[in-house]
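In numbering that gives the first Met the number 0, the protein residues as written are 0 to 378.
One structure below.
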Amino acid sequence: MSPSEYNSPQSIIDNLHSAVIIIGDNLQIICMNPAAEMLLHISNNRATKKNIRQLIINAHEFFDRLERSLISEHPYTVYGDQLHLHNHQTIDVDYSVSPLQYQPQGKYLLLEFIRLKAQHKHSNEESILSQYEASKSLLRGLAHEIKNPLGGIRGAAQLLEREFSGEQNTEENKQFTQIIINEADRLKNLLDRMVGPRDIPTKCDINIHKVMEHVRQLVAAENDQLRLSVDYDPSVPELYADESMLIQVILNITRNAVKAIAANKSEGKIKFTTRTQRNYTIGSHTYPLVAKIDIEDNGSGVPPELHEKIFMPMITGHADGTGLGLSIAQSLVQQHNGLLEFQSEPGKTIFTILIPIKDSKNHKHSNHTFANNSSGAEK
Ligand SMILES: Nc1ncnc2c1ncn2[C@@H]1O[C@H](COP(=O)(O)OP(=O)(O)OP(=O)(O)O)[C@@H](O)[C@H]1O
Ligand SMILES: [Mg+2]
Numbered sequence: 000m001s002p003s004e005y006n007s008p009q010s011i012i013d014n015l016h017s018a019v020i021i022i023g024d025n026l027q028i029i030c031m032n033p034a035a036e037m038l039l040h041i042s043n044n045r046a047t048k049k050n051i052r053q054l055i056i057n058a059h060e061f062f063d064r065l066e067r068s069l070i071s072e073h074p075y076t077v078y079g080d081q082l083h084l085h086n087h088q089t090i091d092v093d094y095s096v097s098p099l100q101y102q103p104q105g106k107y108l109l110l111e112f113i114r115l116k117a118q119h120k121h122s123n124e125e126s127i128l129s130q131y132e133a134s135k136s137l138l139r140g141l142a143h144e145i146k147n148p149l150g151g152i153r154g155a156a157q158l159l160e161r162e163f164s165g166e167q168n169t170e171e172n173k174q175f176t177q178i179i180i181n182e183a184d185r186l187k188n189l190l191d192r193m194v195g196p197r198d199i200p201t202k203c204d205i206n207i208h209k210v211m212e213h214v215r216q217l218v219a220a221e222n223d224q225l226r227l228s229v230d231y232d233p234s235v236p237e238l239y240a241d242e243s244m245l246i247q248v249i250l251n252i253t254r255n256a257v258k259a260i261a262a263n264k265s266e267g268k269i270k271f272t273t274r275t276q277r278n279y280t281i282g283s284h285t286y287p288l289v290a291k292i293d294i295e296d297n298g299s300g301v302p303p304e305l306h307e308k309i310f311m312p313m314i315t316g317h318a319d320g321t322g323l324g325l326s327i328a329q330s331l332v333q334q335h336n337g338l339l340e341f342q343s344e345p346g347k348t349i350f351t352i353l354i355p356i357k358d359s360k361n362h363k364h365s366n367h368t369f370a371n372n373s374s375g376a377e378k
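Shown next, in the form of structure tokens:
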């Protein structure tokens, strides 16, 4: 390449880190740079002459704005938008749109996308994971300190019961010692659940749709007014996972959804969706293939004050809740090197379970990434 070619507009655009797409009349793609090929998972050759509606789907507002900008020739910028791609992937982006007069006979727009995934999503996940680890280690310490004297109290009550003789050996007195024993057991049980699951997962190849159908039928049987729909991607490969743990995770999330729409059950909708995501980063590791399971409801939405701490144990928005369902679910998902996250607004809440697929059989790697996830009991 000669020095003048290095400086040609095409070469400059090709070397940009941000994804650049030029579109013309009727939102037809004229060309894109390599960063845009990566972002949209399509080559420049294949994308040229396609309509951008074929690559980014169901983004009516996005298309409307582009069309208005083509006519008005006004530039604009959008921050923190989420776009759904033709390959079912979702991307978080900032983008700018600038009208371009690059041939006298037509109107063109230059779209420049900056992907947010690397910064925002990563810091969100890091914060979920570190928040979770911090609360878990605090609880472990606290549970240990409470369980020791609790064992002593229980043992002393048993001894006392055996020591009853003569007048003291009455049913009433025995009832008192039984109360001490039962309450000590109840407290120990609660502490065990707070600290989280202790079982080592028993993993084998499982079909995620079989697990989801099991939960769907269970929840449908309990709530005949609810509409439970599914949108499964049959190409999701088998997961190397503990079936009963995944049932527990999906059940805990779905029961929360049922509660969130309890006020208006006849209008209540829950949807199970499965997809795969390529090159997906969870925590500090990028996995070639990840299973993405969405459980969506049209209930009241997660109360804003719970957003930051929802995965912590004992955090509940219900008077009768123990606040353990999601913390246990997070723990179980992490035992599969995965992550549980959510997005919520009134009328639309989506809990997303992400579990690596291809890597899941690689035990050496699994142990390395989350060596500290060793705990287990079902809720
Ligand atoms: N789909 C949802 N829609 C709205 N709020 C939700 C949803 N899922 C969870 N929440 C909120 O998050 C809180 C914590 O959920 P979590 O499952 O951990 O505990 P819980 O349901 O209160 O008690 P339990 O231990 O019985 O599950 C809930 O109390 C509720 O306020
Ligand atoms: Mg719950």
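For each residue, glycine too, the CB sits at the ideal point set by N, CA and C.
- request: Return helix, strand or coil for residue 58, following the three-state DSSP convention.
  value: Counted from its first residue, the sequence shown places residue 58 at position 59. Correct three-state label for residue 58: coil.
- request: Verify whether the separation of the beta carbon atoms of residue 237 and residue 188 is less than 8 Å.
  value: The residue labelled residue 237 in the question sits at position 238 within the sequence shown. The residue labelled residue 188 in the question sits at position 189 within the sequence shown. No, Cβ-Cβ distance for residue 237 and residue 188 is not below 8 Å.
query: Is it true that the CB of residue 139 sits closer than 8 Å to the CB of residue 183?
result: The residue given as residue 183 occupies position 184 in the sequence shown. The residue given as residue 139 occupies position 140 in the sequence shown. Against a cut-off of 8 Å, the Cβ pair of residue 139 and residue 183 comes out as no contact.
query: Just to check, is the beta-carbon of residue 309 closer than 7 Å to a non-hydrogen atom of ligand 1?
result: Taking the sequence shown and counting its residues from 1, the one referred to as residue 309 is at position 310. Residue 309: yes, Cβ under 7 Å from ligand 1.
- request: Use the C-beta contact count for residue 285: other C-beta atoms within 10 angstroms, 16 or more gives buried, fewer gives exposed.
  value: Locating residue 285 in the sequence shown gives position 286, where the first residue counts as 1. Counting Cβ neighbours within 10 Å, residue 285 comes out exposed, since fewer than 16 surround it.
query: Using DSSP with H/G/I as helix, E/B as strand and the rest coil, what is residue 115?
result: On the sequence shown, position 116 is the one that residue 115 refers to. If DSSP states are grouped into helix, strand and coil, residue 115 belongs with coil.
- request: Find the nearest neighbour of residue 251 within the set 291, 310, 279, 38, judged by alpha-carbon distance.
  value: For the purposes of this step, residue 251 is taken as the residue at position 252 of the sequence shown. Among 291, 310, 279, 38, the Cα nearest to that of residue 251 belongs to 310.
message: Let's test the definition: count the other Cβ atoms within 10 Å of the Cβ of residue 94 and tell me whether it reaches 16, buried, or not, exposed.
response: By 1-based counting over the sequence shown, the position of residue 94 is 95. By the 10 Å Cβ count, residue 94 comes out buried.
Selected residue, minimal CA-CA separation from residue 336, among 281, 292, 84: For the purposes of this step, residue 336 is taken as residue 337 along the sequence shown, with counting starting at 1. It is 281.
- request: Could you say which of 246, 220, 209, 135 lies nearest to residue 231 if we only look at CA atoms?
  value: Counted from its first residue, the sequence shown places residue 231 at position 232. Measuring from the Cα of residue 231, the nearest candidate turns out to be 209.
field: Beta-carbon spacing of residue 26, residue 52 below 8 Å
entry: Start at 1 with the first residue of the sequence shown, and residue 26 comes out as number 27. Start at 1 with the first residue of the sequence shown, and residue 52 comes out as number 53. Their beta carbons are under 8 Å apart, which means residue 26 touches residue 52 by this criterion.
field: Outcome for residue 318 when other beta-carbon atoms lying within 10 angstroms are tallied against a minimum of 16
entry: Here residue 318 refers to the residue found at position 319 when the sequence shown is read from its first residue. By the neighbour-count rule (16 or more Cβ atoms within 10 Å), residue 318 is not buried but exposed.
message: Quick check on the burial criterion: 16 or more other C-beta atoms within 10 angstroms. Buried or exposed for residue 45?
response: Within the sequence shown, residue 45 is the residue found at index 46, counting from 1. Exposed, since its Cβ has fewer than 16 Cβ neighbours within 10 Å.
message: Rounding to the nearest angstrom, what Cα-Cα distance links residue 302 and residue 97 in this structure?
response: Working through the sequence shown from its first residue, we reach residue 302 at position 303. Working through the sequence shown from its first residue, we reach residue 97 at position 98. Straight-line Cα distance between these residues: approximately 39 Å.
query: Just reading off the beta strand (DSSP E) that residue 343 is part of, what are its end residues?
result: Start at 1 with the first residue of the sequence shown, and residue 343 comes out as number 344. Per DSSP, residue 343 belongs to the beta strand (DSSP E) from 338-344.
- request: Taking residue 354 and residue 288 to be in contact with their CB atoms under 8 Å, please state how far apart those CB atoms are, rounded to whole angstroms.
  value: On the sequence shown, residue 354 is found 355 positions in, with the first residue counted as 1. On the sequence shown, residue 288 is found 289 positions in, with the first residue counted as 1. Going by Cβ atoms, the distance from residue 354 to residue 288 rounds to 10 Å, so no, they are not a contact pair.
- prompt: Just to confirm, does residue 320 get its C-beta within under 7 Å of one of the non-hydrogen atoms of ligand 1?
  reply: As a first step, residue 320 is located in the sequence shown; it is residue number 321 there, counting from the start. Under cutoff, so the answer is yes.
query: Is it the case that the Cβ atoms of residue 269 and residue 294 are separated by a distance below 8 Å?
result: Here residue 269 corresponds to residue number 270 of the sequence shown, with the count starting at 1. Here residue 294 corresponds to residue number 295 of the sequence shown, with the count starting at 1. Yes; because the gap between Cβ atoms is below 8 Å, this pair is in contact.
query: Per the contact definition of three or more C-beta pairs closer than 8 Å, is the segment 34-43 in contact with the segment 7-19?
result: yes
message: Any heavy atom of ligand 2 closer than 7 Å to the beta-carbon of residue 165?
response: Position 166 of the sequence shown, counting from 1, holds the residue named residue 165. No, ligand 2 has no heavy atom inside 7 Å of this Cβ.
query: What does DSSP give as the partner residues of residue 50 in its beta bridges?
result: As a working note, residue 50 is residue 51 in the sequence shown. DSSP lists 27 as partners of residue 50.
field: Supposed contact pair residue 55 and residue 82 - C-beta distance, whole angstroms, cut 8 Å
entry: On the sequence shown, position 83 is the one that residue 82 refers to. On the sequence shown, position 56 is the one that residue 55 refers to. Their Cβ separation, rounded to whole angstroms, is 5 Å, which keeps residue 82 and residue 55 in contact under 8 Å.
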